[in-house]
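Listed in order, the protein sequences are those of chains A and B.
So that you can map any letter, position 94 of the first sequence is 98 in the numbering used here, and since no number is skipped, the others follow by simple counting.
So that you can map any letter, position 9 of the second sequence is 377 in the numbering used here, and since no number is skipped, the others follow by simple counting.
Note that CB positions come from ideal geometry on N, CA and C, so glycine has one too.
In this text, all values refer to a predicted model and were calculated from it rather than measured experimentally.
Below is one structure, written out as C-alpha cells; comments come after it.
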Amino acid sequence: DQQVKQNSPSLSVQEGRISILNCDYTNSMFDYFLWYKKYPAEGPTFLISISSIKDKNEDGRFTVFLNKSAKHLSLHIVPSQPGDSAVYFCAATYNFNKFYFGSGTKLNVKP
Amino acid sequence: NAGVTQTPKFRILKIGQSMTLQCAQDMNHNYMYWYRQDPGMGLKLIYYSVGAGITDKGEVPNGYNVSRSTTEDFPLRLELAAPSQTSVYFCASSPGQTVQETQYFGPGTRLLVL
Chain A
5 DQQVKQNSPS LSVQEGRISI LNCDYTNSMF DYFLWYKKYP AEGPTFLISI SSIKDKNEDG
65 RFTVFLNKSA KHLSLHIVPS QPGDSAVYFC AATYNFNKFY FGSGTKLNVK P
Chain B
369 NAGVTQTPKF RILKIGQSMT LQCAQDMNHN YMYWYRQDPG MGLKLIYYSV GAGITDKGEV
429 PNGYNVSRST TEDFPLRLEL AAPSQTSVYF CASSPGQTVQ ETQYFGPGTR LLVL
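In C-alpha cells form, the structure reads like this:
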C-alpha cells in the first residue's frame, strides 16, 4: 500500500525553464514532507522540506508547495539547470521515526 | 567527517546464505535507518533505531535483523538470503526528531541474490 505516490516516472525540461515535480499522499496524519535528490550510484541527499502548518517553502531556486486538502505537494525548480538532472523523491512522516518515500521522478534538464 | 559509510558496495549471495551489511556514521547521530530500494520503486524502511540498544521495525522487516550496540554502528543482518532480497540497501542517520533535522544517506550496498 503506497502511501506516497509520484505518478510521473520521468520529466524532461529545457534548461532555464521551470521544472514541476508532483507528489500525492494518502495518509492524513503526515505532517512533514521532504524532497530528496539522488544521483546514480549515490545515496539520496536532502533538498527541501515543508511542515504541514505551511503551504509554501522556498530555498533559492527550489520551492515546495503543499495543498493539504488535496493531499498534494509539488517541487518547483526555477530556472532548471543541467546539474539538476537526477531522480527526485518525495517523502512524508508523522513522527520522524518512519519515513515513507514515493517511487521517484527522473528529471532530465536538456542544455 | 566521512558521514555515513556502508560496506560492501556490491555483493552477490547464493540463496540461503547469510551476510551482514555494515553501516557506520561519525556524526554522533542518535537516529539510524535501513532502507531498501527496488528497481522503479521508492525507498522502503526496513528497521530504524533511535539510539544505542533501541531498534524497531519499519515497513518491510521480514527476513532481516538489526542491532545497535553503539551510537556509530547499525549493521543489517540477512540470515537466509532469498531472491526477493535483491535490492539496493541504503543506511541513513539523523541527529534527532525535530523539523530542522533530516536524514543523511550512505552511498548504498547493491545486493544480488542468485
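Across the set B:Gly474, B:Leu482, B:Glu427, the C-alpha of B:Gly474 shows the shortest separation from the C-alpha of B:Ala392.
For B:Tyr416, the residues of chain A that pass the 8 Å Cβ criterion are Asn101, Lys102, in the order they occur in the chain.
DSSP, read as helix, strand or coil, puts A:Gln7 in coil. For the 8 Å CB-CB criterion, A:Val91 and A:Lys110 form a contact. By the neighbour-count criterion, in which 16 or more other beta carbons inside 10 Å mark a residue as buried, B:Leu482 falls on the exposed side. B:Thr388 is the residue among B:Thr438, B:Thr388, B:Tyr472, B:Pro463 whose C-alpha sits nearest the C-alpha of B:Phe378. Put simply, the CB of A:Pro44 is far from chain B, with every gap to its CB atoms at 8 Å or more. The C-beta of B:Phe458 comes closer than 8 Å to at least one C-beta of chain A. In the DSSP assignment, B:Gln393 falls within the beta strand (DSSP E) that extends over 387-393.
Between the alpha carbons of B:Ile383 and A:Gln6 lies a gap of roughly 28 Å.
In the structure shown, the three-state DSSP call for B:Gly408 is coil. Pairing B:Asn430 with A:Ser23, the inter-Cα distance amounts to about 38 Å.
With its beta carbon less than 8 Å from one in chain B, A:Leu38 belongs to the interface.
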